[in-house]
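Participant: Residues in the sequence shown are numbered from 178 upward in steps of one, following my numbering.
Below you'll find the structure I mean.
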Amino acid sequence: VPMAFMMVFILLLVTIRSVLLFLGSLVALSVTIIAAMGSAGYLGITITPPMTSMPVIILTIAVAGAVHLMMSFVKHMRLGEDKVSSLTNAFEHNKRAIIIAGVTTAIGFLGLNFSEVPPFHDLGNVAAIGTILSLFMTLAFLPAWILVMPINIKKKNIKSQPYMLVLAEFVIVKQKIILFLGSILAVGLIYLIGNNEINDNFVEYFDDRVEVRRDADMVDKLLTGNGIVEYSFDSKKPGGISDPSFLRDIDRFVSWMRKQPEVNNISSISDTFKRLNKNMNADSEVFYKLPEERNLSAQYLLLYEMSLPYGLDLNNQINIDKSKTRVSVNLKNLSSNEYLNLENRVQEWFKNNTPDIMTEGASPTLMFSHIGKRNAESMIYGTGITLVVISVILMLVLKSVSIGVVSLMPNLVPAAMSLGIWSLIDGQITMAVSVVSSITLGIIVDDTVHFLSKFQEAYKRMGKSVEDSIRHAFSHIGSALVVTSIALTAGFLVLADSVFQINAGMGKLTSIIIVVALVMDLLLLPALLLAFNQEKK
């Protein structure tokens with residue numbers, strides 16, 4: 178968190194070049210984070226590992242709106258306007274885009290409630306609260322701070338962001354090439370999405386810097402392994418575990434499981450019966466087998482229980498009326514896909530060999546493996562709903578169905594392209610990575626909304642041509658888009674260094690999506706606006 182603060186504040190100080198504005202943003206961002214985390218306390222939300230990333234997320238979200246307002250204010254001051262006029266113009270020109278961006282970002286975070294993982298619900302809800310709080314601080318506190326403080330920015334003879342105008346001319350002239358190459362690149366990267374696989378490795382949630390990870394690796398290497406799956410077998414009658422046919426079915430299952438490459442060790446009552454039968458027959462290897470009569474099995478079990486030292490019993494393997502027994506399977510360090518694959522093979526074996534004692538495996542790791550798969554499926558559904566809601570809001574606010582449809586491309590494609598890039602970098606879609614699309618959907622709308630707002634301002638209100646409207650958007654908002662994207666990327670890249678891989682993966686993929694979205698907004702969006710206008714003509 179301190180590193181994220183330092184990176185963002187250095188960027189702010191370099192960008193706005195005003196100590197008083199910097200201090201105002203420092204107060205606004207700090208109050209937003211404290212208030213958001215305080216709301217989590219009032220709501221009784223527990224601080225879980227995903228929640229530890231909350232301050233960084235809120236910091237990066239809150240700084241985006243503040244940058245747009247302050248950079249616009251500074252620009253007007255440098256053009257020679259007085260402080261009140263500069264603030265009024267900056268506020269009027271940016272308030273709608275800041276509000277839309279804040280609301281859509283909050284909706285994106287609320288989409289995390291579709292996740293199957295409750296801590297992500299908390300993350301989304303608190304982040305949404307923090308986003309709304311940042312709106313208040315940006316549109317209420319910062320203007321008041323600017324009016325009260327003796328902020329004096331000298332007039333400068335500045336040009337309208339010449340490098341942005343150069344980029345605008347490039348897009349206008351090379352529009353068809355940009356659309357052609359952009360489409361090929363987008364299709365190619367989207368095609369690579371299929372190379373990703375929904376997979377988690379719960380031991381590897383922590384990297385080598387964490388002691389528990391190093392201990393877990395040693396257990397897996399030298400002892401029984403980290404994974405365990407329990408199988409409960411029911412004979413459906415008291416004393417039924419002594420039934421030779423029941424024991425034979427369990428022994429067949431245990432023998433088959435021992436041949437599986439994922440298995441390290443198995444603890445089963447059937448092994449105990451075979452060992453007792455051998456011991457009671459002069460330790461002859463010939464008798465290392467299950468007793469053939471139920472009465473003999475029951476006598477062996479009674480003798481064994483009576484011979485156990487004080488304080489020891491078989492209650493960890495059999496129940497009181499001896500109708501059920503547990504088989505414990507120790508596994509190697511497996512990923513969630515490997516757990517699910519093994520469980521599918523087990524169920525298929527039960528179905529084909531011992532359907533009478535068919536049972537489900539139980540373990541926390543197996544449970545989370547199923548949750549991870551369901552979480553990815555539910556987030557696809559949730560992200561779709563979030564996208565529809567955000568798109569409708571954009572169409573209503575921008576008062577243009579056509580522009581709303583055009584805006585879908587730079588909002589949809591970055592996440593899809595980034596997942597293609599992710600397949601080349603990592604290829605593993607963990608529980609955290611599966612929720613990134615919903616988180617970033619609202620964030621990347623920010624740049625699109627600001628660009629389209631400036632475009633509409635010139636096109637509809639000033640009556641400029643499409644080309645001149647694009648130049649207007651680049652010259653008035655281009656630098657702010659770059660600065661906010663750098664701030665967001667820097668903030669989320671701090672998470673990429675987290676020892677908790679859920680946060681690290683989320684930070685890496687979110688940073689990739691933000692960078693791709695910026696490129697799409699500065700290249701593809703204006704090219705689409707030009708192409709769409711030519712089609713209309």
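Positions of the beta carbon are idealized from the N, C-alpha and C atoms, including for glycine.
Given the structure is predicted, the values throughout are model-derived calculations rather than measurements.
Considering Cα atoms alone, identify which of 423, 366, 562 and 273 is closest to residue 595.
Facilitator: 366
Participant: Pull up the DSSP beta-bridge partners for residue 507, would you.
Facilitator: 405 and 442
Participant: Please go through the stretch 202 to 277 and give each complete alpha helix (DSSP H) segment of 4 or more residues, from N-terminal end onward.
Facilitator: 231 to 255
Participant: Looking only at C-alpha atoms, which of 221, 605, 219 and 234 sits nearest to residue 619?
Facilitator: 234
Participant: Indicate the three-state DSSP secondary structure (helix, strand or coil) for residue 632 in the structure shown.
Facilitator: helix
Participant: Using the rule of at least 16 other Cβ atoms within 10 Å of the residue's Cβ for burial, across every protein chain shown, is residue 537 buried or exposed?
Facilitator: exposed
Participant: Tell me, please, whether the stretch 457 to 472 touches the stretch 533 to 553 by the rule of three or more beta-carbon pairs shorter than 8 angstroms.
Facilitator: Contact fails: fewer than three Cβ-Cβ distances are below 8 angstroms.
Participant: For residue 594, report the span of its alpha helix (DSSP H) as first-last.
Facilitator: 578 to 602
Participant: Leaving out the 5 sequence neighbours to the left and right, which residues in its chain are closer than 8 angstroms to residue 644 when beta-carbon positions are compared?
Facilitator: Taken in chain order, the residues that qualify are 349 and 707.
Participant: Below 6 angstroms CB to CB, which residues in the same chain sit around residue 661 once its five sequence neighbours on both sides are set aside?
Facilitator: 241 and 244
Participant: Within 10 angstroms of the Cβ of residue 223, are there 16 or more other Cβ atoms? Answer buried if so, exposed if not.
Facilitator: exposed
Participant: DSSP has residue 539 in a bridge; who is on the other side?
Facilitator: 407, per the DSSP bridge assignment.
Participant: Is it buried or exposed for residue 648, if we count other Cβ within 10 angstroms and need 16 for buried?
Facilitator: buried
Participant: Would you say residue 406 and residue 482 are within 9 angstroms of each other, going by their C-beta atoms?
Facilitator: Cβ atoms of residue 406 and residue 482: not closer than 9 angstroms.
Participant: So what does DSSP say about residue 605, is it helix, strand or coil?
Facilitator: Residue state for residue 605 is assigned as strand, using DSSP reduced to three classes.
Participant: Check whether the stretch 441 to 448 and the stretch 488 to 503 are in contact - that is, three or more C-beta pairs closer than 8 angstroms.
Facilitator: yes
Participant: Do residue 279 and residue 312 have their C-beta atoms closer together than 9 angstroms?
Facilitator: Taking 9 angstroms as the Cβ cut-off, residue 279 and residue 312 qualify as a contacting pair.
Participant: May I ask you to verify whether the stretch 555 to 575 touches the stretch 390 to 406, counting CB pairs closer than 8 angstroms and requiring at least 3?
Facilitator: no
Participant: Using a 10 Å radius around the Cβ and a threshold of 16 neighbouring Cβ atoms, would you call residue 383 buried or exposed?
Facilitator: buried
Participant: For residue 257, count neighbouring Cβ atoms within 10 angstroms of its own Cβ and tell me buried if that reaches 16, exposed if not.
Facilitator: exposed
Participant: Please confirm if the stretch 685 to 698 is in contact with the stretch 575 to 593, defined as three or more CB-CB distances below 8 angstroms between the two stretches.
Facilitator: yes
Participant: Starting from residue 180, follow the alpha helix (DSSP H) in both directions and report where the run begins and ends.
Facilitator: In the DSSP assignment, residue 180 falls within the alpha helix (DSSP H) that extends over 179 to 193.
Participant: Given this structure, state the Cα-to-Cα distance separating residue 472 from residue 491, to the nearest angstrom.
Facilitator: 19 angstroms
Participant: Of all the options 639, 663 and 522, which has the alpha carbon lying nearest to the alpha carbon of residue 439?
Facilitator: 522
Participant: Beta-carbon separation of residue 687 and residue 615 under 9 angstroms?
Facilitator: no
Participant: With 9 angstroms as the threshold, decide whether the Cβ of residue 651 is near any Cβ in chain B.
Facilitator: In the displayed structure, chain B is absent; only one protein chain is listed.
Participant: What residue range does the alpha helix (DSSP H) around residue 671 cover?
Facilitator: 643 to 672
Participant: Roughly how many whole angstroms lie between the Cα atoms of residue 426 and residue 465?
Facilitator: 16 angstroms
Participant: Measuring straight from C-alpha to C-alpha, what distance separates residue 433 and residue 508?
Facilitator: 14 angstroms
Participant: Apart from the five residues on each side of it in sequence, which residues of its chain come closer than 7 angstroms, Cβ to Cβ, to residue 478?
Facilitator: 419
Participant: Could you compute how far the alpha carbon of residue 250 sits from the alpha carbon of residue 203?
Facilitator: Rounded to the nearest angstrom, the two C-alpha atoms are 17 angstroms apart.
Participant: What are the boundary residues of the alpha helix (DSSP H) that includes residue 311?
Facilitator: 295 to 313
Participant: Excluding the five sequence neighbours on either side, which residues of its own chain have a C-beta within less than 7 angstroms of the C-beta of residue 414, listed in chain order?
Facilitator: Counting only Cβ-Cβ distances below 7 angstroms, and skipping sequence neighbours, we find 500.
Participant: Would you mind reading off the limits of the alpha helix (DSSP H) that contains residue 457?
Facilitator: First-last for residue 457: undefined, no H or E at that position.
Participant: In three-state DSSP terms, what is residue 375?
Facilitator: Note: residue 375 maps to strand in three-state DSSP.
Participant: Helix, strand or coil, according to DSSP, for residue 328 in the structure here?
Facilitator: coil
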